[in-house]
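Under my numbering, the residue at position 96 of the sequence shown is numbered 107, and the numbers go up by one with no gaps. All C-beta atoms, glycine included, are put in the ideal place defined by N, C-alpha and C. Since the structure comes first, as structure tokens, the remarks are kept for the end.
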Amino acid sequence: NGVLGVFQKLIASKTNDHEGFFILQRLIEKLPAETLNEYLKHIFVLLFHRLQNSKTTKYIKSLLSFFFFFSYKFGPSALISLIDTIQPNMFSMVIERLVIPDLQKVSGNIERKICSVGMIKLLTESPEVIDGCYSQFWYVKFFYGYT
């Protein structure tokens, strides 16, 4: 709980938000899913709250990198369902308002690789994207960037 409090303070800061993502990624990397499950929805709500109230390019790049790291670690369906528990069909807003317009802004070799692997998993391992409720994004928007 103490570490999550530090994460919350760092995420709220425009200067130190990247450090909050660093802590969050280490937690997800090292802790078992069962330990994290009770906190994940609250963490994602905090992330979206900061996005809505104080969006910066640095924050968006870190958020996208985190989302795709989460997709890599727990699978794309876990990412989609977690986002959609906050608000139904919210994942479509994430795709339309974050991923499509801002993914190319992610810089850094490691961050770009994380996003590439996470995106590949999203496109190839997610039933929701392949033939489910988000299938409209699979071909047209991901490959051409328009509808």
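One alpha carbon belongs to Tyr83, the other to Tyr70, and they sit about 20 angstroms apart. Sequence-distant partners of Leu93 (beyond 5 residues in either direction) whose C-beta falls short of 7 angstroms from its own C-beta, in its chain, are Leu51, Lys52, Phe55. Out of Ile131, Cys126, Val17, Gln147, the CA that lies nearest to the CA of Leu75 is found in Cys126. Residue state for Gln19 is assigned as helix, using DSSP reduced to three classes.
When only Cα atoms are considered, Ile91 and Asn64 end up about 22 angstroms apart. Just so you know, the alpha carbons of Leu58 and Leu21 end up roughly 11 angstroms apart.
Membership of Tyr145 in any alpha helix (DSSP H) is not indicated, and neither H nor E is assigned to it by DSSP.
Per DSSP, Glu45 is one residue of the alpha helix (DSSP H) stretching across 44 to 64.
For Gln36, the three-state secondary structure derived from DSSP is helix. Secondary structure note for Lys124: its alpha helix (DSSP H) is the uninterrupted segment 120 to 136.
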